[in-house]
Amino acid sequence: MKAPLRPADVSQVVECVRDADGAGLALRAGGTKDRLGRATSATTDVDLSALSGIVTYEPEELILIARPATSLVEVEELLAQNGQHLAFEPPQWGPAATLGGTLGVGASGPRRFVAGAARDFVLGMEFVDGLGRVIRTGGRVVKNVTGYDLWRSLVGAYGTLGVMTEICLKLWPLPETQQTLAVSGQTRTDALAQMYAWSRRPEAVTGLAYSDGTLLARIEGSTAAIEPQIKALWQDASAGEILADTESRRCWERLREAGALTAARGEVLYRIVVPPSRAEETVVALERMELCRCCLDWAGGLLWAVLPRDCPPARVHTAATEAGGMAARLSQGPEDPNDEAFTPLPEGVARLNTTLRQTIDPQGRFNPGRLYN
Amino acid sequence: MNLPTPLPQRLARRTDLVKRLRKLVDDGGLIHRDEDLVVYECDGLSAYRQAPLAVALPTSAQQVCDILRTCGDLDIPIVPWGAGTGLSGGALPLADGIVLSLARMNRILHVDIDDRAVTVEPGVTNISVTHAVTGHGFYYAPDPSSQIACTIGGNIAENSGGVHCLKYGTTTNNLLGLQLVMADGHIVDIGSAAMERAGYDLLALFTGSEGLLGIITQATLRILPKPQSARALMAAFDTIAAAGGAVADIIGAGIIPAGMEIMDRLSIEAVEQFLGCGYPLGVESLLLVEVDGPEAEVDAQIAAVQDLVRAAGCTEIRQADSPEERQRLWAGRKAAFPAMGRLSPDYYCMDGTIPRGRLPEVLERTSVLSEAYGLRVANVFHAGDGNLHPLVLYDSNAEGELERAEELGAEILKLCVEVGGVLSGEHGIGVEKRDLMPCQLSDDDLDLQEELKRAFDPGLLLNPGKVYPALRTCAEGRMHVHGGRLPFPDLERF
Chain A
14 MKAPLRPADV
24 SQVVECVRDA
34 DGAGLALRAG
44 GTKDRLGRAT
54 SATTDVDLSA
64 LSGIVTYEPE
74 ELILIARPAT
84 SLVEVEELLA
94 QNGQHLAFEP
104 PQWGPAATLG
114 GTLGVGASGP
124 RRFVAGAARD
134 FVLGMEFVDG
144 LGRVIRTGGR
154 VVKNVTGYDL
164 WRSLVGAYGT
174 LGVMTEICLK
184 LWPLPETQQT
194 LAVSGQTRTD
204 ALAQMYAWSR
214 RPEAVTGLAY
224 SDGTLLARIE
234 GSTAAIEPQI
244 KALWQDASAG
254 EILADTESRR
264 CWERLREAGA
274 LTAARGEVLY
284 RIVVPPSRAE
294 ETVVALERME
304 LCRCCLDWAG
314 GLLWAVLPRD
324 CPPARVHTAA
334 TEAGGMAARL
344 SQGPEDPNDE
354 AFTPLPEGVA
364 RLNTTLRQTI
374 DPQGRFNPGR
384 LYN
Chain B
59 MNLPTPLPQR
69 LARRTDLVKR
79 LRKLVDDGGL
89 IHRDEDLVVY
99 ECDGLSAYRQ
109 APLAVALPTS
119 AQQVCDILRT
129 CGDLDIPIVP
139 WGAGTGLSGG
149 ALPLADGIVL
159 SLARMNRILH
169 VDIDDRAVTV
179 EPGVTNISVT
189 HAVTGHGFYY
199 APDPSSQIAC
209 TIGGNIAENS
219 GGVHCLKYGT
229 TTNNLLGLQL
239 VMADGHIVDI
249 GSAAMERAGY
259 DLLALFTGSE
269 GLLGIITQAT
279 LRILPKPQSA
289 RALMAAFDTI
299 AAAGGAVADI
309 IGAGIIPAGM
319 EIMDRLSIEA
329 VEQFLGCGYP
339 LGVESLLLVE
349 VDGPEAEVDA
359 QIAAVQDLVR
369 AAGCTEIRQA
379 DSPEERQRLW
389 AGRKAAFPAM
399 GRLSPDYYCM
409 DGTIPRGRLP
419 EVLERTSVLS
429 EAYGLRVANV
439 FHAGDGNLHP
449 LVLYDSNAEG
459 ELERAEELGA
469 EILKLCVEVG
479 GVLSGEHGIG
489 VEKRDLMPCQ
499 LSDDDLDLQE
509 ELKRAFDPGL
519 LLNPGKVYPA
529 LRTCAEGRMH
539 VHGGRLPFPD
549 LERF
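The structure is reproduced here in structure tokens:
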């Protein structure tokens, strides 16, 4: 491994890209997303930490433009001071999390099933492509049909399509308060049925999860409006306790960070996304693989599952595929190449992925191997 | 406006093409007689007309794939077609190409309420999606004004919006899966009702790609529970800037209205003459605000909006509490386009998006331009999402007025870009704004986009001549909604 490069501005990023050798560049900043994805084979680290800072924050325009290594925590604190937030509720996976890393892995939290995903909150981007060109795509407005929405494709690309150098995010008002109805002692089947029923309701239900035998439903909004709504759910469930603001926040932060699950020695954590209606069959399939524990989020659309380490990842990927979804295996640490991190793509989709990659980064310079081989 | 020059060798293959296409589709699946092709000469941008070699109307993805392969063999371009309601000429046929109409692929395939998703074929109309789920208490959020006629395939191709985009997003934010037939005839399924997909976000790339990358044969759409309550109010202001200030105050107060519209004096007067819907006259601007959501929330928000517009200096407020009153308030706004026909024999409709806060400046400079060109401009504005629809009024019978109107239109769109906005918010680039693209995108940006086009469609047979400029200069565009006679007079346009 060579000494890391530390570009301080866009032109230095361009230089790094133009001077890159065949082994490629490993893009890094906060280092909080190492457990996600495969290990890259790149031999040159590019430390993007110097590309940080907020360029523009315009609360009335609901936008924030920032450089990629800007701290996620700092951004969220600043937004909160102004009564705003990132509505896709990004997990941090560590205090050093950056905006670029968050978007690079496309991290969306519990509110995703109603609010949209990370990619829905990115309005535009400046990035450097594999030929060292500075590309500006999108803009700072919500409605925009001028060419392809390339910037959205960089979200969740694990840094394999380009180096983000500036990001424009769509912001959202921070709900005044929140409360959560927690109904304990629920079977998974009953909890799922209740989640489906509540996800149809017109109340502002912004979290529906099931963890440790407890069904959790979050309502957000103004103090005055929240009471009748949480009561409606409570009456519906005819049981449960109501978690007030602070306690509710703590509960969803825990779920956001990894479904409150941690893998012990000899275990592996998976993040599995399936159509919500297929949650039950997915868990049943995982149980056949000696599932240690799991929790459900996104009204059944997201499963965090802990499996024994000797369970072949291919079996998990097959189960996810059969349910119409995908799985991601979390790495065990620096020694784990996590080759089978992602569900293999069907042939046609794989071809389109390759076409996209080879067009934007023809030499495969960025994070080679990080997403697929 | 130059479309690619028709190639004589392609024109010469017409008989062969028709013979081969006939074998691929049933009797109703091919239109090729000159007199029958007239219907397909133009989309909603009726100033440009061109009959295609033939129109194929497949009923399955397999047929689409067969047609694409045949066209590939014969080197014949393909222009995909939904309902032909688009306003940017994105579906304008080519003389040496076919139109591929997806109109007969119009089935709703699955409604999955637990997944909050609906899977449809591309020829399903936008409103039918909502109709299919309304009994379950759900709806499909994107609502382009032509929603009774426009198709989901066309909506995805143009990333269509509507009046509720700030709160509910555009098509791209309400799409979960696609089935596509690629230029080489391969059928590819991307996504499902799951909320994330493995690999790159290809849905993002294909949404809004204006038919240049693949043919949509299926789509899985996200549906939402119908809001419990909706309330609206209208506020009159002495200046546009004051109305714009109220918009900033509302958003600044943490309220995201479902819809927020501003009309200027000329639009208000036109609408009032046209419809007599009771809008106040003699005011400089009207702001229409609608909030929706849980009942308790909506009641609090509409009260807060009232206070905010008052504080922003509004001269009159009307609040709609019943659905009927709400519809009356909206009726005038929705009639803004047709109402222009009363003021002027012809008008152009532009579709730029700007940062909301720049509205007063953009309108002021538009009015300076309007005077310089000697043409009136009426403004209606989706104030929530910054999407501006300036309507340039002109008379095509007056010598030189058409050209002046086109130049003025281009100047207004360049102004949108200059203040940090974009050339098109929801109508797409098509052929209409194609030559203005270099005003917004750099050579490198355009190069990369065209490289992607070539990578996915190496034969350049999918909708060639659209979106990307023939020449890389910031040329005068020809944004052209012509004749005061809308191509689909029954459709709402707002």
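Chains as they are written, first to last, in the numbering used here: chain A, 14 to 386; chain B, 59 to 552. Even glycine gets a Cβ: it sits at the ideal position worked out from N, Cα and C.
The beta carbon of residue 19/A sits closer than 6 angstroms to the beta carbons of 60, 63 from its chain, once the five residues preceding and following it are set aside; these are given in chain order.
For residue 317/B, the enclosing beta strand (DSSP E) covers residues 317-322. C-alpha of residue 391/B to C-alpha of residue 141/B: approximately 24 angstroms in a straight line. With a threshold of 16 other beta carbon atoms within 10 Å, residue 173/A meets it and is buried.
Contact between the region 202-210 of chain A and the region 335-351 of chain B is not established, with fewer than three Cβ pairs separated by less than 8 angstroms.
Here residue 379/B has 289 as same chain residues with Cβ atoms under 7 angstroms from its own Cβ, once five neighbours each way along the sequence are excluded. Contact annotation: the region 152-169 of chain B touches the region 110-130 of chain B, with at least three C-beta pairs closer than 8 angstroms.
Two segments are said to touch when three or more pairs of C-beta atoms, one from each, lie closer than 8 angstroms; by this definition the region 270-280 of chain B touches the region 220-240 of chain B. In the three-state reduction of the DSSP assignment, residue 410/B falls in the strand class, which pools E and B. Proximity to residue 81/A across 346/A, 107/A, 23/A peaks at 23/A, based on C-alpha coordinates.
For the pair residue 319/B and residue 468/B, the CB atoms are not nearer than the 9 angstroms cut-off.
With contacts defined as CB atoms closer than 9 angstroms, residue 240/B and residue 311/A fail to qualify as a contacting pair. Between residue 374/A and residue 465/B, the alpha-carbon positions lie close to 39 angstroms from each other.
Residue 487/B sits away from residue 438/B, with the two beta carbons spaced by 9 angstroms or more.
The C-beta separation of residue 111/A from residue 43/A comes to about 5 angstroms, placing the pair in contact by the 8 angstroms criterion. Not one beta carbon of chain A lies nearer than 9 angstroms to the beta carbon of residue 193/B. In its chain, beyond the 5 residues on either side, 113, 115, 139 have a beta carbon closer than 6 angstroms to the beta carbon of residue 159/B. Fully enclosed alpha helix (DSSP H) runs of no fewer than 4 residues occupy 66-70, 72-82, 92-95 of the region 65-129 of chain B, in order along the chain. Comparing C-alpha distances from residue 201/B to each of 515/B, 484/B, 508/B shows the shortest one belongs to 484/B. Annotation: Cβ neighbours of residue 267/B in chain A (cutoff 8 angstroms, chain order): 161. For residue 113/A, the enclosing alpha helix (DSSP H) starts and ends at 112-117.
Cβ-Cβ separation between residue 121/A and residue 131/A: approximately 5 angstroms, consistent with a contact (criterion under 8 angstroms). With a cutoff of 9 angstroms on beta-carbon distance, residue 474/B and residue 410/B are scored as near each other.
In this structure, DSSP gives residue 339/B a state outside helix and strand, which the three-state scheme calls coil. Note that the C-beta distance between residue 291/B and residue 385/B is not below 9 angstroms. Close to chain A, meaning a Cβ-Cβ distance shorter than 7 angstroms, are the following residues of the region 250-281 of chain B: 250, 251, 252, 253, 254, 255, 256, 257, 258, 259, 260, 262, 263, 265, 266, 267. Close to residue 319/B, with beta-carbon spacing below 7 angstroms, lies no residue of chain A; the smallest spacing is near 14 angstroms. In the pairwise beta carbon analysis, the region 184-194 of chain A is classified as touching the region 227-237 of chain A: at least three pairs are separated by under 8 angstroms.
Nearest C-alpha to residue 319/A among 285/A, 289/A, 336/A, 243/A: 285/A. When the beta-carbon positions are compared, residue 177/A and residue 289/A stay at least 9 angstroms from each other.
The bridge partners DSSP lists for residue 222/B come to none. Residue pairing by DSSP puts residue 140/A in a beta bridge opposite 148/A, 177/A. When secondary structure is reduced to three states using DSSP, residue 240/B falls in the strand class. For residue 280/A, there is no enclosing alpha helix (DSSP H); the enclosing beta strand (DSSP E) has its first and last residue at 280-286. DSSP, reduced to helix, strand and coil, places residue 490/B outside both helices and strands of the structure shown, so it counts as coil. When 384/A, 368/A, 377/A, 65/A are compared, the shortest CA-CA separation from residue 34/A is found for 377/A.
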